[in-house]
Structure formats: structure tokens, C-alpha cells
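Each remark here refers to the structure printed beneath this line.
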Amino acid sequence: MIQTISDLFAAVQGWLFQTLVQPLVFFIGMGEFVEEAFTGTEFVLVGLCELVILFLILRPLESAIPVHPITDPRARWNDFIYTVLQRLGVIPIVAFLLLDPALSYLSEALHLEGWGSFNLDQIWPGVTDQALVSFLLYMVVLDLCEYVYHWAQHNVRWMWALHSLHHSQQNMNLWSDDRNHMLDNLFHDIIFGLIAVFIGVEPSQYILLVSLSRMLQSLQHANVRIHFGRIGEYLLVSPRFHRTHHAVGLGHESRGRNSLGGHNFAVLFPIWDVLFRTAHFSQGFAMTGVRDQLPPPAGKGRDYGRGFWMQQWLGVKRIVEFSRRKVR
């Protein structure tokens with residue numbers, strides 16, 4: 000069954016590339032990137048499959064066991080736009096593929112100077128040369144980097160100025176994971192493209208790692224009353240665990256009002272929050288949002304925008320504003 004699906008996927012990818020992508024690449028005079036375009040076609044097709052799977056599985060769950068009623072359907076549709084742009088976009092894979100030749104050139108230059116190359120899947124010869132072990136190793140390392148990056152998004156003011164858009168969703172849903180400022184996405188994808196290339200992740204592995212992570216993060220943001228039990232909550236980030244991260248105050252104001260901080264930064268594995276003492280295993284399903292968007296006196300009534308373009312513009316304005324202030 001799995002082999003049949005894989006063969007079908009490969010056939011569709013080949014047809015799409017030969018019929019649409021390859022002619023377009025040569026038409027615009029970028030024939031030297033034809034191999035990268037083939038991998039990009041795979042990335043876009045994987046994103047399309049993600050959209051279908053998420054809708055067929057998570058949308059019925061949101062109707063059956065919601066945390067709260069959706070009070071603003073337009074906000075959910077706006078999140079869907081973000082998801083389509085990100086899942087069918089090529090920013091992550093383009094960042095990875097363009098960085099790959101640049102770092103390969105750097106690696107060759109360093110090798111000539113006597114510096115050896117580094118490849119994470121060779122760290123334990125005989126064990127890490129197995130595909131599954133290598134894949135899991137990359138997943139763990141990248142997830143640790145995601146934890147650090149996510150922590151920075153809440154503790155570096157200009158990064159929070161962008162990331163706060165993600166947290167301003169008071170109607171969290173299966174599409175909310177991709178509700179991010181485009182500058183935030185671009186910076187993230189460049190950083191993790193660099194990390195992935197540096198530790199030796201192959202493009203096909205990277206696509207699968209990104210896809211698996213995104214699918215799990217969509218579940219985490221879904222409006223579903225789901226947790227993984229006393230033990231499971233420590234093994235994989237659940238919707239309840241991550242919803243606590245999005246809670247007004249507790250999720251990203253753990254040092255008091257108008258301060259930076261937070262809990263539950265882990266993307267896949269809560270062990271990072273446990274190790275760095277940022278875990279908060281709440282038993283409830285909190286309401287979400289950012290304190291300063293609440294009406295006075297609880298907040299400042301800040302407008303994060305309703306439509307895509309206004310949200311992007313206000314994010315840029317917040318960078319300037321937050322860079323000038325001592326508190327957010």
C-alpha cells in the first residue's frame with residue numbers, strides 16, 4: 000500500500016514537473032536550477048497533500064470536540080490563506096536549495112585549508128547510517144534548534160514584534176500554525192535551511208522533516224479538546240500543552256505583566272521545556288490571545304489587523320515601535 004502511494008506520488012510529481020515546471024524554468028532562463036525545481040515540485044505537492052489530509056482529519060474533529068465556538072469565521076479563513084501560501088509556497092525549500100551550493104563551496108574551501116566536513120548522520124557509524132535512525136537524529140537536533148528559536152521569538156523584542164501576530168489569534172484553529180508574518184517566515188526558513196545543510200540533511204529528508212513537523216503543529220493549534228495523557232504529555236506536544244503557550248498572560252508573560260518570558264516553547268518534544276524549566280502542564284484549555292489586544296483596562300486594545308495585508312503592515316510598524324520601548 001505504501002509503495003503504491005509512493006509510486007503514485009512520484010508519477011504525479013514527474014508529470015507536473017515535465018508539463019508545467021520544467022518548461023517554465025527554461026522559459027524564464029533559469030535552466031541551471033532545473034534540479035532544484037524538481038525538488039521544489041515535490042515540496043509543493045507534499046504541501047497540497049498536507050492541506051487535504053488536515054482538512055479531512057482535523058476539520059471533523061474541530062466540529063466534534065471543539066474547545067470553544069469560533070466567534071470570528073473570517074479570522075479562520077484568513078489563517079487558511081496563510082496556510083495555503085506557506086504550504087504551497089517555496090520559501091523553505093528555496094532557502095535550503097540556494098544555501099546548499101553556497102555552503103558546499105565553503106565546505107570545499109575549508110577542506111583545502113585542512114578543515115574536515117561535518118555530517119551528523121556519521122556521528123555513530125553502523126547505527127546512524129540506517130535511514131530511520133538518521134532521520135530521527137535530524138528530527139531531534141532540529142527540534143532543539145526550534146525550541147531555542149521559539150524562545151528567542153518571545154524574548155528578543157524585534158522578533159516578538161513579528162511573532163505576536165501568530166499569538167493574536169483568539170480563535171485558534173487547524174490553520175493557525177501558519178499565521179505568521181512573512182518576514183518571520185523568511186528569517187526562520189533561512190536559519191533552518193542553514194542548520195539543515197550544515198548538519199548534512201539531504202533535500203528529500205528535509206522535505207519530509209518539514210512536512211511531518213508542520214502536520215503535528217497543525218494538530219497542536221487545532222480547536223480540539225485533546226491531550227495525550229499523563230505520560231504522553233511529556234513525550235509529544237499536545238493541543239492542550241501548546242494552547243497553554245498561547246494563553247493570555249501565562250503563555251508568554253511568565254515574568255509578570257508587560258514583560259517578556261513564557262512557557263511551553265517546544266515544537267515537537269516537551270522534553271526541552273522540562274530540561275530548561277519552561278514547562279507548564281496545565282489541566283485546562285486556556286483562551287488565547289495577546290494581553291495588549293484586550294480592551295482597557297486589561298489591555299491596550301492594540302489592533303493586529305483582520306486581513307492579510309493589514310496584519311503584515313502592522314507587524315512592520317511594531318518592529319519600529321517595540322525597538323524603541325523598554326516593555327511591550
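What the sequence shown shows, in numbering that gives the first Met the number 0, is residues 0 to 327, in sequence order. For every residue, glycine included, the Cβ atom is placed at its ideal position computed from N, Cα and C.
Here Leu87 is near Val43, since their CB atoms are less than 7 Å apart. With contact defined as three or more Cβ pairs closer than 8 Å, the stretch 192-207 and the stretch 240-250 are not in contact. Short of 6 Å from the beta carbon of Gln85, and not among the five residues preceding or following it, lie these beta carbons of its own chain, in chain order: Asp177.
Using a 10 angstroms sphere on the CB of Pro295, the tally of other CB atoms stays under 16, which defines it as exposed. Judged by pairs of C-beta atoms under 8 Å, the stretch 47-65 does not touch the stretch 135-154, as fewer than three such pairs exist. When Cβ pairs closer than 8 Å are counted between the two stretches, the stretch 268-276 is seen to touch the stretch 231-239, the count reaching three or more. In terms of Cβ geometry, Asn170 and Asp291 do not form a close pair [threshold 7 Å].
Take Asn118, set aside five residues on each side of it, and the residues of its chain with a beta-carbon closer than 8 Å to its own are Ile198, Gly199, in chain order. The residue from Met181, Leu55, Leu19, Phe26 with its alpha-carbon nearest to that of Gly39 is Leu19. Separation of the CB atoms of Gly288 and Ser167 is rounded to 6 Å, and the pair is thereby assigned contact status at 8 Å.
Residue Gly248 holds the alpha-carbon nearest to the alpha-carbon of Ala297 among Arg323, Gly248, Ala285. With 16 or more other CB atoms across the displayed protein chains lying within 10 angstroms of its CB, Met158 is buried. Cβ atoms of Tyr146 and Ile190 stay farther apart than 8 Å, at about 13 Å. Considering only Ser203, Asn222, Gln310, the residue with the shortest C-alpha distance to Asn77 is Gln310. Rounded to whole angstroms, Leu55 and Ser62 show a C-alpha spacing of 12 Å. Ile225 has its alpha-carbon roughly 13 Å from the corresponding atom of Phe280.
Within the stretch 177-231, there are no complete beta strand (DSSP E) runs of at least 3 residues.
Cα atoms of Pro59 and Pro124: separation of roughly 45 Å, rounded to the nearest angstrom. In this structure, the beta-carbon distance from Ala246 to Leu173 does not fall below 7 Å. Beyond the five residues adjoining it in sequence on each side, Val33 comes within less than 6 Å, by CB distance, of Val24 in the same chain, given in chain order. Per the coordinates, the alpha-carbon of Val266 lies some 7 Å from the alpha-carbon of Gln216.
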